[in-house]
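K.L.:
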Amino acid sequence: MSKLGIKLEIAQYRSFMQYRYQAYKIELAQLLQQLKNFGLLFLVVLGSAMLGMILLLFLGLGKIIDSSAAPQYGAQMAWLYLLLQSVMLSAMKSAIKNSQQRLFQRTIVRSNWLKFVDIKLLFLSNGWLLASAVIALDLTLSQWLRAPHFVLFMLLQFGLGVLCLYKPRALIYGLVFTAILVLLPINIAPLAYHCGFIILFALSMLLPAFSLSGRLSVNSLFTFWLSFFIQHSWVLIWRVALLLCVFMAITTLLHERADLAAIFSVIATAFMVLFTSSLQFDCGKLHDKYQLFFQANYQQRVFFISQFMPSCLFFLITLSSYLLFVEQIEWLLLSLSVGWCILQLYIAQKKPAHFALVWMITTGGLLAVLT
């Protein structure tokens with residue numbers, strides 16, 4: 000290729016990169032605007048998520064690096080870190096790939112250009128990997144020799160970002176398999192855990208696509224709601240990820256300050272109520288969409304009641320998981336939490352604009368009375 004051809008090629012690539020970067024910023028701004036439409040609820044949820052992320056960034060990375068004394072706990076922290084990274088990148092996936100204009104881009108540039116720009120924007124978007132890189136640059140040679148698994152962890156961060164863009168099903172399979180690995184009662188070295196992560200994610204790429212929605216026959220209210228959550232699993236995934244973040248944060252805080260257990264119990268209960276009861280916003284939208292159909296079939300009352308069942312079931316499962324794996328809660332707070340969840344469901348249905356305000360007032364009241 001002549002020098003002129005090379006210059007034209009470089010100029011074309013730079014123009015395409017500028018176009019993709021502008022599209023990336025526009026889509027991120029639109030995503031932020033959509034979240035802001037939730038008003039105060041957005042601030043509460045985002046604030047709680049940011050607190051969890053900051054805690055993991057400063058405490059989690061340290062636990063992952065220095066996990067020789069408790070390798071299973073370090074592996075669990077690494078898995079949670081990878082899960083939260085995957086959730087964040089899934090939310091930004093459309094902006095990273097510029098999905099709305101993807102077909103148009105394929106007609107004007109080569110496919111390898113598309114993927115190369117995708118990877119550049121993926122690096123820009125992956126704050127979790129950037130945080131690990133900052134920590135890695137600060138490690139001394141002796142620290143690197145004591146924590147060789149951290150290199151594999153950073154490779155996993157990059158690899159899972161690529162899977163999120165191009166093979167999301169393999170990412171989900173891999174997260175499930177690695178979750179089983181870190182929960183097994185075995186005692187292996189941190190390096191072995193991370194090698195196991197890599198092997199399981201690699202095997203997940205070989206598994207065929209499997210979909211329950213195509214095989215599910217919707218012939219009852221139960222299968223109706225089940226089909227909805229299978230097809231819109233994102234509404235559960237991000238909530239479960241943030242709840243796991245809360246659980247891990249509370250576990251770490253209890254280990255450091257056991258004398259503040261009463262305060263941590265109220266905070267954990269508050270977030271469990273927030274994330275589970277807010278599911279009613281999604282269920283309520285589906286109810287409004289299909290209520291005329293069920294009314295025509297004389298099932299409007301049953302359908303109205305059924306919209307609250309997913310949130311209630313989600314809350315009971317979350318509360319049971321907390322009691323089983325994290326810490327016991329006093330009976331008074333346990334009883335109040337059930338009534339609190341019902342109150343938040345009522346507010347979400349009747350006064351959605353006051354949902355976050357009621358949650359904050361109730362949280363403050365319980366902290367004042369019970370601690």
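Numbering (numbering that gives the first Met the number 0), first residue to last: 0 to 370. Every residue, glycine too, gets a C-beta built ideally from N, C-alpha and C. Bear in mind that the values here come from a model prediction, so they are computed numbers and not experimental data.
Can you tell me where the alpha helix (DSSP H) holding His-193 begins and where it ends?
P.N.:
From DSSP, the alpha helix (DSSP H) with His-193 extends over 189 to 203.
K.L.:
Under 9 angstroms between the Cβ atoms of Ile-304 and Leu-366?
P.N.:
no
K.L.:
In whole angstroms, what separates the C-alpha of Ile-64 from that of Thr-106?
P.N.:
45 angstroms
K.L.:
For the alpha helix (DSSP H) holding Thr-139, just list the boundary residues, first then last.
P.N.:
Segment: none, Thr-139 is in no alpha helix (DSSP H) and carries neither H nor E.
K.L.:
Ordered along the chain, which non-local residues of its own chain (more than five positions away) have a Cβ less than 6 angstroms from that of Phe-200?
P.N.:
Gly-173
K.L.:
By a C-beta neighbour count over all protein chains shown, 10 Å radius and 16 as the cutoff for buried, is Asn-378 buried or exposed?
P.N.:
The chain is shown from 0 up to 370; residue 378 falls before or after that span and cannot be answered.
K.L.:
Taking Leu-162 as the reference, which of Ile-185, Leu-202, Leu-180, Ser-67 has the closest Cα?
P.N.:
Leu-202
K.L.:
Measuring straight from C-alpha to C-alpha, what distance separates Thr-222 and Leu-323?
P.N.:
Taken atom to atom, the span from the alpha-carbon of Thr-222 to that of Leu-323 is near 29 angstroms.
K.L.:
Return helix, strand or coil for Asn-186, following the three-state DSSP convention.
P.N.:
coil
K.L.:
Do Gln-348 and Leu-273 have their beta-carbon atoms positioned less than 9 angstroms apart in this structure?
P.N.:
Cβ distance not < 9 angstroms, so Leu-273 and Gln-348 don't count as in contact.
K.L.:
Ordered along the chain, which non-local residues of its own chain (more than five positions away) have a Cβ less than 7 angstroms from that of Met-204?
P.N.:
Lys-166, Ala-169
K.L.:
Under a three-way DSSP split, which group does Val-248 fall into?
P.N.:
The residue you asked about is not Val; residue 248 is Ala in the sequence shown. Of the three classes helix, strand and coil, the one that applies to Ala-248 here is helix, per DSSP.
K.L.:
Where does Glu-326 sit, in a helix, a strand or coil, going by DSSP?
P.N.:
In the structure shown, Glu-326 falls within a coil segment according to DSSP collapsed to helix, strand and coil.
K.L.:
Can you tell which of Gly-59, Lys-96, Leu-369, Ile-5 has its C-alpha closest to the C-alpha of Ser-334?
P.N.:
Leu-369
K.L.:
Whose CA, out of Met-247, Ser-219, Val-337, lies closest to the CA of Asn-296?
P.N.:
Ser-219
K.L.:
Taking the straight line between their C-alpha atoms, what separation do you get for Leu-259 and Trp-358?
P.N.:
22 angstroms
K.L.:
Grab the span of the alpha helix (DSSP H) containing Pro-70 for me, first residue to last.
P.N.:
70 to 96
K.L.:
Pick helix, strand or coil for Gln-100, following the three-state DSSP scheme.
P.N.:
If DSSP states are grouped into helix, strand and coil, Gln-100 belongs with the helices.
K.L.:
Distance, Cα to Cα, Thr-251 vs Arg-13?
P.N.:
Between the C-alpha atoms of Thr-251 and Arg-13 there is a straight-line separation of about 46 angstroms.
K.L.:
Measure the alpha-carbon distance for Ile-171 versus His-231 and round it to whole angstroms.
P.N.:
14 angstroms
K.L.:
Counting C-beta neighbours from all protein chains within 10 Å, is the total for Pro-184 16 or more, i.e. buried, or is it exposed?
P.N.:
exposed
K.L.:
Please work out which residues of its chain come closer than 6 angstroms, Cβ to Cβ, to Lys-62, disregarding the five sequence neighbours upstream and downstream, and give them in chain order.
P.N.:
Gly-73, Met-76
K.L.:
Determine the burial state of Asp-137: buried for a count of at least 16 other Cβ atoms within 10 Å of its Cβ, exposed for fewer.
P.N.:
exposed
K.L.:
Considering only C-alpha positions, which residue in the set Ile-5, Ile-249, Leu-128 is nearest to Gly-160?
P.N.:
Comparing alpha-carbon positions, the option among Ile-5, Ile-249, Leu-128 lying closest to Gly-160 turns out to be Leu-128.
K.L.:
Taking Val-325 and Phe-246 to be in contact with their CB atoms under 8 angstroms, please state how far apart those CB atoms are, rounded to whole angstroms.
P.N.:
5 angstroms
K.L.:
For the alpha helix (DSSP H) that His-148 lies in, which residues bound it at each end?
P.N.:
148 to 165
K.L.:
Hey, could you find the ends of the alpha helix (DSSP H) Asp-117 is sitting in?
P.N.:
110 to 124
K.L.:
In whole angstroms, what is the alpha-carbon distance linking Thr-390 and Gln-294?
P.N.:
Residue 390 is absent from the model: the chain starts at 0 and stops at 370.
K.L.:
In three-state DSSP terms, what is Gln-13?
P.N.:
For the sequence presented, residue 13 should be read as Arg rather than Gln. Arg-13 falls in the helix class under three-state DSSP.
K.L.:
Terminal residues of the continuous alpha helix (DSSP H) containing Thr-362?
P.N.:
354 to 369
K.L.:
Is the CB-CB distance between Cys-340 and Ser-276 below 9 angstroms?
P.N.:
yes
K.L.:
Keeping to the same chain, check which residues put their C-beta closer than 6 angstroms to that of Ala-146; ignore five residues upstream and five downstream.
P.N.:
Ile-64
K.L.:
Skipping 5 residues on each side, what residues in its chain have a beta carbon closer than 6 angstroms to that of Ala-22?
P.N.:
Cβ neighbours of Ala-22 beyond the five flanking positions: Asn-97.
K.L.:
Taking the alpha-carbon of Ala-135 as reference, which of Phe-122, Phe-152, Ser-124 has the nearest alpha-carbon?
P.N.:
When only C-alpha atoms are compared, the closest one is Phe-152.
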